[in-house]
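What follows is a short report on a single structure.
Number of protein chains: 2
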Amino acid sequence: MQQMRQGGPPPSPSCSSTSDCFPLSPLNTAAAAAAACGSETSDEPQKHEPTLLSRMRSIVIFYLCYLLCLCLSVACVVCVCVWNSRWRGGFAWDGSALQFNWHPVLMVTGLVVLYGNAAVLYRIPLTWGHNKLPWKLLHAAVMLLALILSIVGLCAVFDFHNAKSTPNLYSLHSWIGIAATALFAMQWVVGMGGFLLPCSPMYLRKLLKPVHVWMGIGILLLSIAACISGINEKLFFVLKGNSGGVQPYSALPPEALLGNSLGVLIFAFGLVVLKILSNYEWQRPDSRPEDMAYTPVLQEENE
Amino acid sequence: MQQMRQGGPPPSPSCSSTSDCFPLSPLNTAAAAAAACGSETSDEPQKHEPTLLSRMRSIVIFYLCYLLCLCLSVACVVCVCVWNSRWRGGFAWDGSALQFNWHPVLMVTGLVVLYGNAAVLYRIPLTWGHNKLPWKLLHAAVMLLALILSIVGLCAVFDFHNAKSTPNLYSLHSWIGIAATALFAMQWVVGMGGFLLPCSPMYLRKLLKPVHVWMGIGILLLSIAACISGINEKLFFVLKGNSGGVQPYSALPPEALLGNSLGVLIFAFGLVVLKILSNYEWQRPDSRPEDMAYTPVLQEENE
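The listed protein sequences derive, respectively, from chains Z and R. Be aware that the first sequence starts at 1, since it is given in UniProt numbering, and climbs by one per residue. Be aware that the second sequence starts at 1, since it is given in UniProt numbering, and climbs by one per residue.
This is the structure in structure tokens:
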């Protein structure tokens, strides 16, 4: 899930390499970039300074968005953990409601927060001057961790349902959630084979890239829809107001406010990730469609 | 909500005008475009044919996506109408459950289907050769219709709740849904003032455009999340299996299958709309960031 835009026009001819175009990359300094950018084709030197300024501004805005993304990540994980430990009684693995509590925690942490952060990894300008291979491996590793947490999160709810003889996979929430996890598993295996194995041919990478990108975005949107419908469903289940001391959902007790706020935070996180992924200027330069050689990673990355 | 990509590189220098770049536009024929595209800067005439072919392919793929978008639109509206008329008893405006039935029908039709179709209006290549003003007016008119249907849909559920003395706006579904409608109303008013009034200055349009685009995408995603959580909630409410002859949701009776399928169709529709909006090649050429003069519409459009 490295880029969102496909089939765009070629890049500006004014910057010939990563270090020319991205002054905050470790390959270069801002002063050197100021001299290099635009010097090849432009005959209007007075225009260089605004170009550099706009690039610097773009990078500053990126880091603000990325900071927001990290803050929302922490807020989502803290919220879902506090909700399930403080209001839902904590955690266990015994088929009880305490085992169910792992489900929201692991799905939000894995399928949303880790997944979203792994997706935007290539966008961090400080990584652009480095060999791409370690970042590809980190992307694959964080995605694998996200996938494992999601699968354990599904096991938690299946065990809980089975212990209560409740059927699985009947609600729209479960359909959306299982589709997200199944597509994620498929995406990881195909991504691993297609983009990390040295034997993967160029034409296959070229064919896979747009599918990988769009499947990645689709999975993120499925995850967010599953989380929002799941939180809504859970709050209606547990806040019925018919047992002593429990206020109904409609009275908006503190637990309902926390759950609703978690949903809002998850949505905001998804929107920030989508914003980071869709901005062409924030793509790693050698991952842009017009720059990709599509040679096997283990050959191209270590040159 | 005319485009998704912002801040990209300048366009390829090989096509100097709309009619050069888009051979299926009424301004031009494929043969004329074949001669025109790339002729200004390229000194390799043998490369012209593949460029034209790739543009033709892009337009064919657009129309396939657009056809899918239209089919999903019809399927969503048919599904939600059949669900509420066949399984939920039909429609009325008397504070009863029959009044509530207007809510899903109007929200899906207005906030999802009409909204999504109005958003992709500018992408239809057959409109590119025409004056943009009528399409802007159509975009604004369909969005207004979508907004009115959404507001009436909200009135339906508020009336129903008030008649039963049920509180409003406490669930996560309602928070997401009201945020979508409120932002939509704000977006329409600001869009009308910013892009359709002749007195709106250039700098304001330039400032508004990326906000309009991102707010538009955010509203679509909010609408889809609201629909999926709402369908899920409604099916749990009505399919409890405790009244004679009604199977529980967990037994997946035909109504549950239809409701779940409606959720899947709405998600698929949203993904297709997002795909159409995010492809740079499918943007109306004079709406692309690098081509926009940002002069007041009523002046620029009628030149």
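Using N, Cα and C, we set each Cβ at its ideal position, and we do this for glycine too.
(1) Kindly indicate if chain Z contains any beta-carbon less than 8 angstroms away from that of residue 304 of chain R.
(2) Quick check on H173 of chain R - is its C-beta less than 8 angstroms from some C-beta in chain Z?
(3) Across the segment 217-232 of chain R and the segment 260-273 of chain Z, are there enough close Cβ pairs to call them in contact, namely three or more that are closer than 8 angstroms?
(4) Is it buried or exposed for G216 of chain R, if we count other Cβ within 10 angstroms and need 16 for buried?
(5) Compare the Cα-Cα distances from N279 of chain R to each of R:I124, R:D159, R:I231, R:Q99 and report the closest residue.
(6) List the whole-angstrom C-beta distance separating residue 311 of chain R from I231 of chain Z, where the pair is believed to meet the contact cut-off of C-beta under 8 angstroms.
(7) Going by the CB atoms, is the gap between F160 of chain Z and F100 of chain Z shorter than 8 angstroms?
(8) Which residues bound the alpha helix (DSSP H) around A250 of chain R?
(9) Using the beta-carbon count (16 or more within 10 Å), is residue 305 of chain R buried or exposed?
(10) Against G263 of chain Z, what residues of chain R qualify as contacts under a CB-to-CB distance less than 8 angstroms, listed in chain order?
(11) How would you list, in chain order, the residues of chain R whose beta-carbon sits under 8 angstroms from the beta-carbon of S200 of chain Z?
(12) Hey, out of R:Q247, R:N84, R:C69, R:S200, whose CA is closest to F277 of chain R's CA?
(13) Using a Cβ-Cβ distance cut-off of 8 angstroms, determine whether L95 of chain R contacts chain Z.
(14) I59 of chain R versus chain Z: which residues are under 9 angstroms apart at the beta carbon?
(15) Less than 8 angstroms between CB atoms is the rule here; does A225 of chain Z satisfy it with respect to chain R?
(16) With a cut-off of 8 angstroms, does the C-beta of P167 of chain R fall near any C-beta of chain Z?
(17) Run through DSSP, which three-state label would D94 of chain R get?
(18) Between L106 of chain R and S150 of chain R, how many whole angstroms is the CB-CB distance? I'm expecting something under 8 angstroms.
(19) Could you list which residues in chain Z have their beta carbon closer than 8 angstroms to that of N232 of chain R, in chain order?
(20) Which same chain residues, not among the five before or five after R284 of chain Z, have their C-beta less than 6 angstroms away from its C-beta?
(21) Taking residue 351 of chain Z as the query, report the chain R residues whose CB atoms sit under 8 angstroms from its CB, ordered along the chain.
(22) I believe Y170 of chain Z touches L252 of chain R by the beta-carbon criterion, under 8 angstroms. Please report the beta-carbon distance rounded to the nearest angstrom.
(23) Starting from F158 of chain Z, trace the alpha helix (DSSP H) in both directions and tell me its first and last residue.
(24) Examine chain Z for any beta-carbon lying closer than 8 angstroms to the beta-carbon of N117 of chain R, and answer yes or no.
(25) Once the 5 residues before and after A180 of chain Z are set aside, which same chain residues still bring their CB inside 7 angstroms of it?
(26) I need the straight-line Cα distance from V211 of chain R to V157 of chain Z, nearest angstrom please.
(27) Out of R:V60, R:S58, R:V113, which one is the CA nearest neighbour of L265 of chain R?
(28) Express the C-alpha separation of K132 of chain Z and L53 of chain Z in angstroms, rounding to a whole number.
(29) 8 angstroms is my cut-off, CB to CB: does N260 of chain Z come that close to chain R?
(30) When the cut-off is 8 angstroms and only beta carbons count, does F160 of chain R lie next to chain Z?
(31) Would S278 of chain Z count as contacting chain R if we go by Cβ distances under 8 angstroms?
(32) Mapping DSSP to helix, strand and coil, what is V120 of chain Z?
(33) What in chain R is Cβ-close to L52 of chain Z, meaning under 8 angstroms?
(34) Return the CA-CA distance between residue 304 of chain R and R57 of chain Z, expressed in angstroms with no decimal places.
(35) I think C76 of chain R touches V120 of chain R, with their Cβ atoms under 8 angstroms apart; what is that distance to the nearest whole Å?
Let's see:
(1) Outside the shown range of chain R, which is 1 to 303, sits residue 304 of chain R, and nothing can be said about it.
(2) In the second sequence, residue 173 of chain R corresponds to position 173, counting from 1. Chain Z, which has a Cβ nearer than 8 angstroms to the Cβ of H173 of chain R, makes this yes.
(3) Three or more beta-carbon pairs separated by less than 8 angstroms link the segment 217-232 of chain R to the segment 260-273 of chain Z, which places the two stretches in contact.
(4) In the second sequence, the residue the question calls residue 216 of chain R occupies position 216. Answer is buried; the Cβ neighbour count reaches 16.
(5) Looking up residue 279 of chain R in the second sequence gives position 279. The shortest C-alpha separation from N279 of chain R is found at R:I124.
(6) Missing from the structure shown is residue 311 of chain R; chain R here goes from 1 to 303 and no further.
(7) Indexing the first sequence from 1 puts residue 100 of chain Z at position 100. Indexing the first sequence from 1 puts residue 160 of chain Z at position 160. For the 8 angstroms CB-CB criterion, F100 of chain Z and F160 of chain Z form a contact.
(8) One-based indexing of the second sequence puts residue 250 of chain R at position 250. For the sequence presented, residue 250 of chain R should be read as Ser rather than Ala. Per DSSP, S250 of chain R lies in no alpha helix (DSSP H) segment and is marked neither H nor E.
(9) Given that chain R is displayed from residue 1 to residue 303, the structure contains no residue 305 of chain R and the question cannot be resolved.
(10) Stepping through the first sequence from its first residue, residue 263 of chain Z is reached at position 263. Going along chain R in sequence order, the residues near G263 of chain Z (Cβ under 8 angstroms) are L172, W175, I176.
(11) For the purposes of this step, residue 200 of chain Z is taken as residue 200 along the first sequence, with counting starting at 1. By Cβ distance, chain R contributes nothing, its closest Cβ being about 24 angstroms from S200 of chain Z, past 8 angstroms.
(12) Here residue 277 of chain R is taken as the residue at index 277 of the second sequence, counted from 1. The residue asked about is misnamed: residue 277 of chain R is Leu in this sequence, not Phe. Closest by alpha carbon: R:C69.
(13) Translated into the one-based positions of the second sequence, residue 95 of chain R becomes position 95. The displayed chain sequence assigns Gly, not Leu, to residue 95 of chain R. Residue contact with chain Z for G95 of chain R: absent (no Cβ-Cβ distance below 8 angstroms to any residue of chain Z).
(14) The count along the second sequence starts at 1 and reaches residue 59 of chain R at position 59. The contacting residues do not exist; I59 of chain R stays about 12 angstroms from chain Z at best.
(15) On the first sequence, position 225 is the one that residue 225 of chain Z refers to. Answer yes: the Cβ-Cβ gap between A225 of chain Z and chain R drops below 8 angstroms somewhere.
(16) For the purposes of this step, residue 167 of chain R is identified with residue 167 of the second sequence, where counting begins at 1. Judged by the 8 angstroms Cβ criterion, P167 of chain R is in contact with chain Z.
(17) In the second sequence, counting from the first residue as 1, residue 94 of chain R sits at position 94. Looking at D94 of chain R - three-state DSSP - the assignment turns out to be coil, as it is neither helix nor strand.
(18) Working through the second sequence from its first residue, we reach residue 106 of chain R at position 106. Working through the second sequence from its first residue, we reach residue 150 of chain R at position 150. Right, the Cβ-Cβ distance comes to about 7 angstroms (below 8 angstroms), so this counts as a contact.
(19) In the second sequence, counting from the first residue as 1, residue 232 of chain R sits at position 232. Within chain Z, S171, L172, H173, S229, N232, E233 have C-beta atoms less than 8 angstroms from the C-beta of N232 of chain R, given in sequence order.
(20) Start at 1 with the first residue of the first sequence, and residue 284 of chain Z comes out as number 284. In the same chain as R284 of chain Z, and ignoring 5 residues on each side of it, the C-beta atoms closer than 6 angstroms to its own belong to Y122, W128, in chain order.
(21) Outside the displayed range of chain Z (1 to 303) lies residue 351 of chain Z, so it cannot be described from this structure.
(22) Position 170 of the first sequence, counted from the start, is the residue given in the question as residue 170 of chain Z. Position 252 of the second sequence, counted from the start, is the residue given in the question as residue 252 of chain R. The distance from the Cβ of Y170 of chain Z to that of L252 of chain R is about 5 angstroms, consistent with a contact at the 8 angstroms cut-off.
(23) Looking up residue 158 of chain Z in the first sequence gives position 158. For F158 of chain Z, the uninterrupted alpha helix (DSSP H) run begins and ends at 132-163, by DSSP.
(24) As a working note, residue 117 of chain R is residue 117 in the second sequence. Judged by the 8 angstroms Cβ criterion, N117 of chain R is not in contact with chain Z.
(25) Mapped onto the first sequence, residue 180 of chain Z falls at position 180. The answer, listed in chain order, is L111, I219, L222, S223, A226.
(26) The residue labelled residue 211 of chain R in the question sits at position 211 within the second sequence. The residue labelled residue 157 of chain Z in the question sits at position 157 within the first sequence. Roughly 40 angstroms between the two C-alpha positions.
(27) Taking the first residue of the second sequence as position 1, residue 265 of chain R is located at position 265. Ranking the options by Cα distance to L265 of chain R, first place goes to R:V113.
(28) One-based indexing of the first sequence puts residue 53 of chain Z at position 53. One-based indexing of the first sequence puts residue 132 of chain Z at position 132. Answer to the nearest angstrom: the Cα atoms are 26 angstroms apart.
(29) Counting from one through the first sequence, the residue named residue 260 of chain Z turns up at place 260. By this cut-off, N260 of chain Z is an interface position.
(30) Counted from its first residue, the second sequence places residue 160 of chain R at position 160. No, because no Cβ of chain Z sits closer than 8 angstroms to the Cβ of F160 of chain R.
(31) Taking the first sequence and counting its residues from 1, one reaches residue 278 of chain Z at position 278. Contact with chain R is found for S278 of chain Z, since one of that chain's Cβ atoms lies less than 8 angstroms from the residue's Cβ.
(32) Taking the first sequence and counting its residues from 1, one reaches residue 120 of chain Z at position 120. Coil at V120 of chain Z, not helix or strand.
(33) Position 52 of the first sequence holds residue 52 of chain Z. For L52 of chain Z, no chain R residue has a C-beta closer than 8 angstroms to its own C-beta; the minimum C-beta separation is roughly 15 angstroms.
(34) In the structure displayed, chain R extends from 1 to 303; residue 304 of chain R sits before or after that span and is not available.
(35) If you number the second sequence from 1, residue 76 of chain R lands on position 76. If you number the second sequence from 1, residue 120 of chain R lands on position 120. The pair is not a contact, with the Cβ atoms about 15 angstroms apart (cut-off 8 angstroms).
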